[in-house]
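Written below as structure tokens is the structure these notes are about.
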Amino acid sequence: MNNYNVMIIGSGPAGLFAALELERLGVDRVAVLDRRPYPAGGLLNDGKLNFDYRIGIDLEELRIDADAAQRLMGEIREVFVGFPSCRQVTFIDGNERIAALASIAAEHGVLFIAPEQWHWGTDNGKAVVDYLRSRLTKTEFLLGTAATSIARQDDGCYHVSCLHERKRVSHAARVILAAPGRSGAYWFRDVAGKLDVRHNFGPIDVGIRIELNRKFYDPVTEIVYDPKFIFKTSRHGDKVRTFCTNPGGRVRVESYDRFKLVNGDALSGRKTDNTNFALINTVSLTEPFSDTSEFGHMIALQFHLLGGGRPIVQRVGDFREGRRSSRRTFDSIPRHFGVCRATYAATPGDITLGLPARIIDNLWESLKKLDKIVPGILHPSTLLYAPEIKFFDTHFPTDEHLETNVEGIFVAGDGTGKSRGIVGASISGLIAARGMAAKYFHS
Ligand SMILES: Cc1cc2nc3c(=O)[nH]c(=O)nc-3n(C[C@H](O)[C@H](O)[C@H](O)COP(=O)(O)OP(=O)(O)OC[C@H]3O[C@@H](n4cnc5c(N)ncnc54)[C@H](O)[C@@H]3O)c2cc1C
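Residue 4 is where the sequence shown starts when you use our numbering, and the numbers rise one by one after that.
As structure tokens, then:
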């Protein structure tokens, strides 16, 4: 059994930035554990970086103000822009076209946010991880090693049981940073429960991914690569927003044990004729049922069943007429469906069978508004894929260093409700590393 000062569970941006900061602060015997053989987490996905504290960062969760967020973002930015394939794709300073777009959106009661954005593309994902890893000279990587449980020992250290190449191995650490991402969120929630780490349920985002011929959305994405439109719906008063736009990109799936969710990315080199983006509705539950994860899982499972194990896709032309899409007419020329060729082979069907009426109302109302701001997006060929669900739902109350109520257990990243994206996850890793260094190693 190895003994570490810090064991970081998860090698996504939260875990890697925590490791970088711990090395910089001189904390030794740090290990990063990941169940995958390659340390990256979501860094292999697309790599759009939003440098705006209103995007993907929850100031209250991180217990920082806008100025502190801006400063931390500057530190993250400095690291990433040192990677040669990371290119700036949205320039906000003095950009009058952004102001014009914001004013058209405001006429329709829609808030438009244009952050400074950089992008490296999925095809550069491995190179960016190698670049970050090359800056880590002392951190030990325990790869292909899944943490299965964590227990507190009498001496106050934590005992982490793991599975490596089907063998049980154990490690001990004085401090744990849990940064397991969304894929490890429920594993950590179970472990946290056994350690008496407090947690509660936050909102989830449920919606669809739109894919359309890029000519309809280029007028916007040429100004802002990943435009953020935020709607408050008049029928239900709910929040809906656009998220993760990929000009010239492809629709992808995220596979979980019991279902698949839609997502999207873009390559830096090869572009498609389409653009895709998510349209998601924030859902909070109160009483008698507040478990938003279970609610999201039920929706995802329903789609899994209806789509025969794949997400469902419906043409706007079919949706408007209240009928399902089918393989027979999916690329119908008389119906103008050939204008947009799907980049992912989802099951043609009816998305209204799997999403609650309130969510469908909200999404359609928002799409109709967006079609007024960007005319043409609701062309009959436009594709609506479902389900796209963001499970940022388990929240861990923490102090300003992201330490939970249990001493020595810190949390960071998307899986613990501290971020929603690469920049936010990286910031949370920095905060946790500074907190643990100050409290446990430099006093
Ligand atoms: C297709 C797609 C495209 C995306 N595009 C973007 C984008 O353009 N811009 C953006 O900002 N965000 C994007 N995201 C989201 C982004 O990937 C995440 O916000 C980010 O990676 C979260 O970082 P994290 O460190 O919290 O977790 P992750 O990056 O998910 O890393 C968590 C790591 O923990 C490991 N792990 C989990 N449980 C265990 C365990 N029990 N034992 C050992 N290891 C474990 C996992 O294997 C994983 O490597 C995208 C996501 C997807 C799926």
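Every residue gets a Cβ at the ideal spot worked out from N, C-alpha and C, and that includes glycine.
**OP:** Check whether the Cβ atoms of Val200 and Asn408 sit closer than 8 Å, and answer yes or no.
**Re:** One thing to note: Val200 has its Cβ within 8 Å of the Cβ of Asn408.
Subject >> Any non-hydrogen atom of ligand 1 within 7 Å of Pro16 CB >> reply: Answer for Pro16: yes, Cβ within range of ligand 1.
Original post:
Per DSSP, which one or two residues make a beta bridge with Pro250?
Top reply: Under DSSP, Pro250 forms a beta bridge with Thr278.
Original post:
Given a threshold of 16 other Cβ atoms within 10 Å of its Cβ, counted over all protein chains shown, does Glu99 qualify as buried or as exposed?
Top reply: It counts as exposed.
**OP:** State the start and end residues of the unbroken alpha helix (DSSP H) segment that holds Asn365.
**Re:** Here the alpha helix (DSSP H) through Asn365 covers Ala360 to Ile376.
Original post:
Should Glu119 and Ile95 be called a contact, given that it needs their Cβ atoms to be closer than 8 Å?
Top reply: Contact: yes.
Original post:
When you compare each of Trp367, Pro359, Leu52 and Gly112 to Gln305 by their alpha carbons, which one comes out closest?
Top reply: That would be Pro359, whose Cα lies nearest to the Cα of Gln305.
**OP:** Kindly examine ligand 1 and report whether one of its heavy atoms sits closer than 7 Å to the Cβ of Leu65.
**Re:** In this structure, the C-beta of Leu65 stays at least 7 Å away from each heavy atom of ligand 1.
Original post:
Beta carbon of Lys129: closer than 7 Å to some heavy atom of ligand 1?
Top reply: Checking the Cβ of Lys129 against ligand 1 gives no.
Original post:
What residue ranges within the stretch 180–259 form continuous beta strand (DSSP E) runs of no fewer than 3 residues, ordered along the chain?
Top reply: List check, beta strand (DSSP E) in window: 207–216, 231–235, 242–250 and 253–258.
**OP:** Might you give, ordered along the chain, the residues of its own chain that have their beta carbon closer than 6 Å to the beta carbon of Arg177, omitting 5 neighbours on each side?
**Re:** If we look at Arg177 and ignore the five residues flanking it on each side, its Cβ neighbours are Asn8 and Cys160.
Original post:
Any contact of the stretch 323–339 with the stretch 372–392, i.e. 3+ C-beta pairs under 8 Å?
Top reply: Judged by Cβ distances under 8 Å, the stretch 323–339 makes contact with the stretch 372–392, as three or more pairs qualify.
Subject >> Residues near Val92 in its chain [Cβ-Cβ closer than 6 Å; skip 5 each side] >> reply: Once the five neighbours on either side are set aside, the close Cβ partners of Val92 are Gln120, His122 and Tyr228.
Subject >> Nearest neighbour of Met4, chosen from Gly379, Ile412, His445 and Ser173 [CA to CA] >> reply: Answer by Cα proximity: Ser173.
Original post:
Within 7 Å: the Cβ of Asp133 and any heavy atom of ligand 1?
Top reply: Asp133 Cβ: outside cutoff for every heavy atom of ligand 1.
**OP:** Could you check the C-alpha separation between Ala43 and Arg138 for me, to the nearest Å?
**Re:** Annotation: Ala43 to Arg138 spans about 14 Å, alpha carbon to alpha carbon.
**OP:** Please determine, among Leu180, Gly77 and Ala34, the residue with the shortest C-alpha to C-alpha distance to Arg136.
**Re:** Out of Leu180, Gly77 and Ala34, Ala34 has the C-alpha closest to the C-alpha of Arg136.
**OP:** Tell me where the beta strand (DSSP E) around Gly267 begins and ends.
**Re:** Per DSSP, Gly267 belongs to the beta strand (DSSP E) from Lys263 to Asp268.
Original post:
Alpha carbon to alpha carbon, what distance is there between Pro250 and Phe219?
Top reply: So the two alpha carbons sit approximately 11 Å from each other.
Subject >> For His3: DSSP bridge partner residues >> reply: In the structure as shown, the chain begins at 4 and stops at 446. Residue 3 is therefore absent and cannot be evaluated.
Original post:
Is the beta carbon of Ala21 less than 8 Å from the beta carbon of Gly432?
Top reply: Yes; because the gap between Cβ atoms is below 8 Å, this pair is in contact.
Original post:
At least one CB of chain C closer than 8 Å to the CB of Tyr189: is that the case?
Top reply: The displayed structure is made up of one protein chain only, and chain C is not part of it.
**OP:** Could you spell out the range, first to last residue, of the beta strand (DSSP E) harbouring Leu387?
**Re:** Segment Leu386 to Lys393, the beta strand (DSSP E) holding Leu387.
Subject >> Among Leu366, Pro206, Val342 and Leu370, nearest to Thr289 - alpha-carbon criterion >> reply: Nearest Cα to Thr289 within the set Leu366, Pro206, Val342 and Leu370: Pro206.
**OP:** Consider the C-beta atom of Gly13 and the heavy atoms of ligand 1; say whether any pair is separated by less than 7 Å.
**Re:** If you check the C-beta of Gly13 against ligand 1, you find a heavy atom less than 7 Å away.
Original post:
For Pro296, which of Arg90, Asp396 and Arg155 has the nearest alpha-carbon?
Top reply: The amino acid at residue 296 is misidentified as Pro; the sequence shows Ser. That would be Asp396, whose Cα lies nearest to the Cα of Ser296.
**OP:** Rounded to whole angstroms, what's the CA-CA distance from Pro378 to Trp367? Just pull it up for me.
**Re:** Roughly 15 Å separates the two Cα atoms.
Original post:
Counting pairs of Cβ atoms below 8 Å between the stretch 125–134 and the stretch 229–242, do you hit three or more?
Top reply: Three or more beta-carbon pairs separated by less than 8 Å are not found between the stretch 125–134 and the stretch 229–242, which leaves the two stretches without contact.
**OP:** Report yes if the C-beta distance between Arg39 and Ile116 is below 8 Å; otherwise report no.
**Re:** Their beta carbons are not under 8 Å apart, which means Arg39 does not touch Ile116 by this criterion.
Subject >> heavy atom of ligand 1 below 7 Å from Cys89 C-beta >> reply: No - ligand 1 has no heavy atom lying nearer than 7 Å to the Cβ of Cys89.
**OP:** Drop a sphere of 10 angstroms on the beta-carbon of Thr140, count the other beta-carbons inside from all chains shown, and report buried for 16 or more, exposed for fewer.
**Re:** Exposed is the call here.
**OP:** Report yes if the C-beta of Ser369 is less than 7 Å from at least one heavy atom of ligand 1; otherwise report no.
**Re:** No, the beta carbon of Ser369 sits no closer than 7 Å to any heavy atom of ligand 1.
Original post:
Once you ignore the five residues that flank Phe262 on each side, which residues in its own chain have a CB closer than 6 Å to its CB?
Top reply: If you ignore the 5 residues before and after Phe262, its C-beta comes within less than 6 Å of the C-beta of Ala303, Leu304 and His307, all in its own chain and listed in chain order.
Original post:
Which residue from Thr355, Asp402, Pro400 and Ile12 puts its Cα closest to that of Leu36?
Top reply: The option with the nearest alpha carbon to Leu36 is Ile12.
Original post:
Which residues in the same chain as Phe86 place their Cβ atom closer than 7 Å to its Cβ, once the five residues preceding and following it in sequence are excluded?
Top reply: Within the same chain, Phe86 has close Cβ partners Trp123, Val131 and Tyr134.
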